[in-house]
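Which chain is which? The protein sequence lines are B and S, in order. Start counting the first sequence at 76; every next residue gets the next number (the numbering used here). Start counting the second sequence at 342; every next residue gets the next number (the numbering used here).
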Amino acid sequence: MTTKYTKDHEWVRVEGNVATVGITAYAAEQLGDVVFVELPAIGKAVEKGGDAAVVESVKAASEVYAPISGEVVEVNSALVDEPAKVNAEPTGAGWFMKLKVKSAGELNGLMSEAEYNDYVKGL
Amino acid sequence: MAEPAQTDLKRTPLFALNAELGGKMVPFAGYEMPVQFPAGILKEHLHTRAAAGLFDVSHMGQAWLHLEGKGTHDDIAALLETLTPGDIKALKPGQIRYTLLLNDEGGIRDDFMVSRPLSAEKAGTLFLVVNAATKDADFAHIAAKLKGKAKLERLEDRALIALQGPKAAAVLERIVPGVAAMTFMTIATFTWERAELFVSRSGYTGEDGYEISVPGAIATAFARVLLAQAEVAPIGLGARDSLRLEAGLCLYGHDIDEQTTPVEANLTWAIGKRRKLEKGFPGADKIMDQLFNGAKRVRVGIKPEGRAPAREGAEIVDANGAPAGRITSGGFGPSVNGPIAMGYVRADLANDGTALSLIVRGQKLAARVVPMPFVQKRFHKP
C-alpha cells in the first residue's frame with residue numbers, strides 16, 4: 076500500500092487495483108471549513124488531471140482533480156451530510172472516491188510523502 | 342490591471358495585532374487585511390451571532406465634512422443632499438443615516454454612513470464613513486462638487502473597530518460606560534484613556550453592535566482591552582462577508598455599482614420622502630421614473646434549494662430556461678446552515694417564491710426568490 080501526492084494537493088492510496096482519493100491536510104487547511112462536497116457518479120471515467128469532484132468552503136469553490144485515470148467505483152457519500160469530515164480527517168474518513176486503476180504506471184509521476192512535504196514547505 | 346506588489350499594500354494601525362492573533366493576511370482594497378483567524382470563518386461567524394466579534398475595519402474612509410465658514414446643520418445637509426438621495430437635513434443631533442453617493446445617471450458611486458454630531462459645537466459638520474476601495478474616489482468627488490462651499494478633513498490617523506453581536510453592548514459598557522444607553526443608528530463621543538472615541542451603534546452583520554473610531558496610536562491598546570473580555574473573539578473579512586450576506590446587506594462593487602440605481606438595488610428606502618418630492622439629487626429623473634414605472638431588473642434574495650452554493654457571477658434562468666439575471670453575492674450562510682445568495686432578476690421574476698434556476702458548473706440548480714434578511718436582525722431600537 077502506497078500513498079502518492081499531486082501538486083494540486085490530492086492524495087491517492089492504492090490497494091490492489093483500487094485507488095482511494097482525497098485532499099491533503101494542507102489543502103483542507105488552506106480551504107478552511109468545508110461546507111459542501113460534490114462527488115462524481117459511480118461508473119464515471121475520470122482522466123488524470125481532469126475534474127473529479129468539487130469542494131466548497133464558506134468563501135470559495137475548488138475542483139478536486141483525479142490524480143490518476145480510472146473508473147469511479149465508490150464515493151464517500153457521508154461527506155454530503157458531513158462535509159466537515161474533510162477538515163477533521165482529510166486523509167482518513169474525509170476521503171472522496173475510489174477509482175479502479177486504469178494504468179498503474181501513472182502513479183510513477185506522482186510525489187512520495189517526503190517529496191510532497193518538501194513541496195508544501197516551498198509554497 | 343496588475344495586482345499591486347505586496348510591498349505596495351497599506352497596513353492599518355491594528356496590522357501587528359492582527360498578525361499576532363494569527364490572522365491570515367490577504368490583499369483587500371489596497372490593504373493587508375485578515376481574511377480569517379485560526380478559528381476559521383465558520384466559527385468566527387457563529388461566534389459573532391452568539392457573543393461578540395471584533396473586526397478591524399480601519400481601511401474604511403473616515404472624514405469630517407465642514408462648511409466653509411459658519412453655518413447650520415441645514416446648510417451642510419443641503420450641500421451633501423446635492424450628491425445623495427438621503428434626507429440629511431432630517432438628521433437629529435447624534436443620528437446616523439445610511440445613504441448613497443450617486444453619479445449623474447443615478448448609478449451608485451458608493452454607499453456610506455453619514456452622522457450628525459451630537460455636540461452643538463460641531464453644527465455645520467457631518468461625519469462620513471465610506472468604503473475602503475472607493476474612499477479616494479469618493480472624497481475627490483465630494484471635494485470637487487462642493488468646492489468653495491464645504492471641505493473634507495480626512496481622518497487618516499484614526500482606526501475603526503467594529504464590535505458586533507448580542508454581547509457587544511454588555512462588553513463595551515464595561516470599558517466605555519454609557520454606550521449601552523445608545524440606540525441603533527446613533528453616534529456619541531466618549532473618552533477612553535484620555536482619547537476621544539466616536540462611538541456609533543451600527544454595523545454590517547445584522548446584529549446589535551458598535552463601530553468605534555479611535556485614534557490610531559491607541560487603537561491596539563483599545564482592541565486588546567476588548568479582546569481580553571471573555572465574550573470577544575477577533576473576526577476576519579471572510580466572516581464579515583458571510584454575516585452581511587445573511588443580513589441581506591449590499592457589498593459595494595459586487596451587489597451595487599455605478600451601473601446600478603437605488604431602485605434596481607431595492608434600496609428605495611434610502612431615498613428620503615421629502616427628496617422624492619423635491620428631487621434635486623443626481624439622476625433624479627431616471628430614479629423617479631423607475632420609482633413610478635418600475636425598473637427592468639431588481640435585487641432580490643435567492644435561496645438555492647439543495648446544499649450547493651451558487652457564487653457571484655452565476656447565471657440565473659427562469660422556469661423556461663430564458664436568461665433572468667445574475668448572482669452578485671453567494672455562498673454558504675453558517676447561521677442559515679445552507680447556501681444563500683442575492684442577485685438581480687428581471688422585474689417579472691422578483692416576487693417572493695418565484696422559482697428560478699442557477700447555472701452552477703453547467704448544471705441547473707433549483708432556487709427561489711426569498712425575502713431578506715436570511716436571519717432575523719437584532720438591533721437595539723428604542
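Backbone N, C-alpha and C fix where the C-beta goes; we use that ideal spot for every residue, glycine too.
Asked                                                                                                                                                                                        : Found
Taking only beta-carbon positions, decide if A649 (chain S) is within less than 8 Å of chain B.                                                                                              : yes
Could you name the residues of the same chain whose beta carbon sits closer than 8 Å to that of G624 (chain S), not counting the 5 residues immediately before and after it, in chain order? : L443, N444, D445, E446, G447, G448 and T602
With DSSP as the reference, identify every bridge partner of H407 (chain S), one or two as the case may be.                                                                                  : S:T466 and S:K492
What does DSSP give as the partner residues of V150 (chain B) in its beta bridges?                                                                                                           : B:M172
How big is the Cα-Cα spacing for S676 (chain S) and T389 (chain S)?                                                                                                                          : 10 Å
Hey, T530 (chain S) and S460 (chain S) are a contact pair by Cβ (cut 8 Å); roughly how many whole angstroms apart?                                                                           : 7 Å
Which bits of chain S does E131 (chain B) rub up against, with CB to CB less than 8 Å?                                                                                                       : A649, P650 and F673
Got a sec? Which residues, its chain only, sit under 7 Å from G557 (chain S) by beta carbon, not counting five neighbours each side?                                                         : P354, D498, R499 and A500
If you pair each beta-carbon of the stretch 399 to 412 of chain S with each one of the stretch 472 to 492 of chain S, do three or more pairs fall below 8 Å?                                 : yes
What does DSSP give as the partner residue(s) for I528 (chain S) in the beta ladder?                                                                                                         : S:S541
Rounded to whole angstroms, what is the Cα-Cα separation between E190 (chain B) and P165 (chain B)?                                                                                          : 19 Å
The stretch 697 to 716 of chain S: which residues have C-beta closer than 8 Å to a C-beta of chain B, in chain order?                                                                        : R702
Output yes if chain S places a C-beta closer than 8 Å to the C-beta of A128 (chain B); else output no.                                                                                       : no
Taking its Cβ as the centre, do 16 or more other Cβ atoms sit within 10 Å of S583 (chain S), making it buried, or is it exposed?                                                             : buried
Thinking just about the alpha-carbon of each residue, which of B:N183, B:E149, B:V110 and B:A128 is nearest to the one in I117 (chain B)?                                                    : B:E149
Take K134 (chain B) and list the residues in its own chain whose beta-carbon comes closer than 8 Å to its own, dropping the five residues that flank it on each side.                        : G107
Between which two residues does the alpha helix (DSSP H) harbouring E361 (chain S) extend?                                                                                                   : F356 to E361
Quick one: Cα of W533 (chain S) to Cα of L469 (chain S), how far?                                                                                                                            : 22 Å
Looking at the C-beta of G506 (chain S), does it have a partner C-beta in chain B at a distance below 8 Å?                                                                                   : no
So F673 (chain S) and F111 (chain B) are supposed to be a Cβ contact under 8 Å. How far apart are they, rounded?                                                                             : 7 Å
Determine the direct distance from the alpha carbon of R648 (chain S) to that of E113 (chain B), and round the result to whole angstroms.                                                    : 9 Å
Quick check: is the beta carbon of Q341 (chain S) nearer than 8 Å to any beta carbon in chain B?                                                                                             : The structure shown does not extend to residue 341 (chain S), since chain S is modelled only from 342 to 723, so the question has no answer here.
Is it buried or exposed for L538 (chain S), if we count other Cβ within 10 angstroms and need 16 for buried?                                                                                 : buried
Whole angstroms is fine: what's the gap from E344 (chain S)'s alpha carbon to L578 (chain S)'s?                                                                                              : At E344 (chain S) the pLDDT is 48, less than 50, meaning the model places this residue with poor confidence; the figure from the coordinates comes in the next sentence. If you take the alpha carbons of E344 (chain S) and L578 (chain S), they lie about 19 Å apart.
Just to make sure I have the definition right: I need the residues of chain B whose C-beta is within less than 9 Å of the C-beta of G544 (chain S). Which are they?                          : Simply none; closest approach about 19 Å.
Any contact between the stretch 395 to 404 of chain S and the stretch 465 to 484 of chain S? By contact I mean 3 or more CB pairs, one from each, below 8 Å.                                 : yes
What separation, rounded to the nearest whole angstrom, lies between the Cα atoms of G364 (chain S) and G381 (chain S)?                                                                      : 10 Å
Let me check one thing: in DSSP terms, what residues is Q704 (chain S) bridge-paired to?                                                                                                     : S:V701
How about E552 (chain S) and A503 (chain S): are their beta carbons less than 8 Å apart?                                                                                                     : yes
When we look at the beta-carbon of F633 (chain S) and count the other beta-carbons within 10 Å, is it buried (16 or more) or exposed?                                                        : exposed
Hey, G671 (chain S) and A663 (chain S): beta-carbon distance below 8 Å or not?                                                                                                               : no
Which runs of the beta strand (DSSP E) fall wholly inside the stretch 568 to 630 of chain S and span at least 3 residues, in chain order?                                                    : 573 to 575
Could you give the C-beta distance for I612 (chain S) and I643 (chain S), rounded to a whole number, given that I count them as a contact under 8 Å?                                         : Not a contact, Cβ separation roughly 24 Å.
Would E131 (chain B) be called buried (16 or more neighbouring beta carbons within 10 Å of its own) or exposed?                                                                              : buried
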